[in-house]
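Input: a single structure, listed below in structure tokens.
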Amino acid sequence: MKNWMIGVTLACVLPACVTINIYFPAAAAEKAADKIIDDVWQLKNGGDKPNVNAVEPASTPAK
Numbered sequence: 004m005k006n007w008m009i010g011v012t013l014a015c016v017l018p019a020c021v022t023i024n025i026y027f028p029a030a031a032a033e034k035a036a037d038k039i040i041d042d043v044w045q046l047k048n049g050g051d052k053p054n055v056n057a058v059e060p061a062s063t064p065a066k
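When we follow the numbering used here, the leftmost residue of the sequence shown carries the number 4, and every step to the right adds one.
See the structure below:
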């Protein structure tokens, strides 16, 4: 009976130790943020509407 309880406890505890890491391209995110800030400043200073389709998708990082 005791071995069964240990097995159940381990079966519940071990999956809880899994960590999932999500990586994103920081340089691409920073570049996009800079572009958005520039566009907002242009609108604030009376510039034209920004081209929202001008942001290029980030390339996948090398593994």
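Idealized CB from N, CA, C, for every residue including glycine.
Take the alpha-carbon of Ala31 and the one of Asp37: they are about 10 Å apart. For Val21, no alpha helix (DSSP H) encloses it, and the DSSP letter there is neither H nor E.
Across the structure, Pro18 and Val11 are spaced so that their CA atoms are roughly 12 Å apart.
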